[in-house]
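The block underneath contains the structure these notes are about, expressed in structure tokens.
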Amino acid sequence: MEFNIIPDEDALSKCAWCQNHISDDMEVFGVGTKLKPDVDLSEYESHCIQISLVSEEKPIYMMVTAQGSEAKKEGKDGLFLLCSIECSKKLKNVLAKEISIGKMFGTVHFE
Ligand SMILES: [Zn+2]
């Protein structure tokens, strides 16, 4: 799989779903995901990538967790940062679909 790497300053300041600006004083919502066993994103570790979805036209941003990180130890291969509970709900619905019809996601964790 080939992905575009998003520069950190973009990735860390934008909602994965609506791409609204996230500022330091906002509450940020996190969603973690475990990828299917045959999806290898090791070359993108610790970067944010733009992924496309099966059920949605718009691309979304996902952080690929690094080996040895806390998130990885909790079984999360990818993390999404979201600006609001609404965005996290929308992403949750989309990821639920992706899990059943897509090739990328295995399970999703919500915090
Ligand atoms: Zn948002």
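By the numbering used here, the letter at position 15 of the sequence shown is numbered 149, and the numbering carries on one by one without gaps.
Heads up, the beta-carbon is just placed ideally off N, CA and C, and yes, glycines get one too.
{"query": "Buried or exposed (CB count within 10 angstroms, at least 16 for buried), Lys83", "result": "Shown here, the chain extends from 135 to 245; a query on residue 83 therefore has no answer."}
{"query": "Complete runs of the beta strand (DSSP E) confined to the stretch 154–234 [at least 3 residues]", "result": "163–169, 182–185, 194–198, 212–216"}
{"query": "Outcome for Ser222 when other beta-carbon atoms lying within 10 angstroms are tallied against a minimum of 16", "result": "buried"}
{"query": "Rounded separation between His181 and Asn227 - CA only", "result": "24 Å"}
{"query": "Closer than 7 Å: Asn154 CB and nearest ligand 1 heavy atom", "result": "yes"}
{"query": "Alpha-carbon to alpha-carbon, Ser218 and Phe239", "result": "22 Å"}
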